[in-house]
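Student:
In the working numbering, the protein residues as written are 211 to 375.
1. Between residue 268 and residue 308, which are expected to be in contact by the criterion C-beta below 8 Å, what is the C-beta distance as a whole number of angstroms?
2. Are the beta-carbon atoms of residue 306 and residue 250 separated by less than 7 Å?
3. Report yes or no: do three or more beta-carbon pairs, one from the region 269 to 282 and one from the region 236 to 254, lie closer than 8 Å?
4. Out of 315, 220 and 352, which has the shortest C-alpha to C-alpha gap to residue 290?
5. Using only CA atoms, which one of 244, 275, 346 and 243 lies nearest to residue 230?
6. According to DSSP, is residue 293 helix, strand or coil?
7. Report the rounded CA-to-CA distance for residue 236 versus residue 311, giving the unit in angstroms.
Structure representation (structure tokens):
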């Protein structure tokens, strides 16, 4: 991993974005040690927390196209970690569930998650970490609300401003 020699950023959006990207890169490296990708791990974590999701619901959660989830599930299915089962009400829908073979890997992933959390928090006192967590939860809630109300207050129509320049 290349660590930038540029001065520290004060821009909160860049800090959050860069940190999230770097965590993703780190997690992908850990996943590759087990012959997997971070995206495959995300599928497994989501299915562990939400058994029986449809491929479309999982794609929505992951913010990717259903075909992308389909390919990820294909790979996990070949490794014996995931099964597709027909929906009882709608035969066009496949429900996804983890198989017992996924359990040991989920335990390994939980250990890696704990290690990443410890690495992230290293050197940050609890008195600082707690308000950071609260602030990030509020920021996430703000973005979630903005996404649900894309035409609501606070949205800017920059096209009119750009046209007048």
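For every residue, glycine included, the Cβ atom is placed at its ideal position computed from N, Cα and C. Here the structure is a predicted model, which is why all the values come from computation and not from measurement.
Tutor: So, from the data block:
1. For the purposes of this step, residue 268 is identified with residue 58 of the chain shown, where counting begins at 1. For the purposes of this step, residue 308 is identified with residue 98 of the chain shown, where counting begins at 1. With 8 Å as the limit, residue 268 and residue 308 do not qualify as a contact, their Cβ atoms being about 12 Å apart.
2. Against the chain shown, residue 306 aligns to sequence position 96. Against the chain shown, residue 250 aligns to sequence position 40. It is not a contact, given that the beta carbons lie outside the stated cut-off.
3. The region 269 to 282, when compared against the region 236 to 254, does touch it at the 8 Å Cβ threshold.
4. The sequence position of residue 290 within the chain shown is 80, counting from 1. Among 315, 220 and 352, the Cα nearest to that of residue 290 belongs to 315.
5. For this step, residue 230 is matched to residue 20 along the chain shown. Answer by Cα proximity: 346.
6. Here residue 293 refers to the residue found at position 83 of the chain shown. DSSP places residue 293 within a strand segment (E or B) once states are collapsed to three.
7. Taking the first residue of the chain shown as position 1, residue 236 is located at position 26. Taking the first residue of the chain shown as position 1, residue 311 is located at position 101. A direct Cα-Cα distance of roughly 25 Å separates residue 236 from residue 311.
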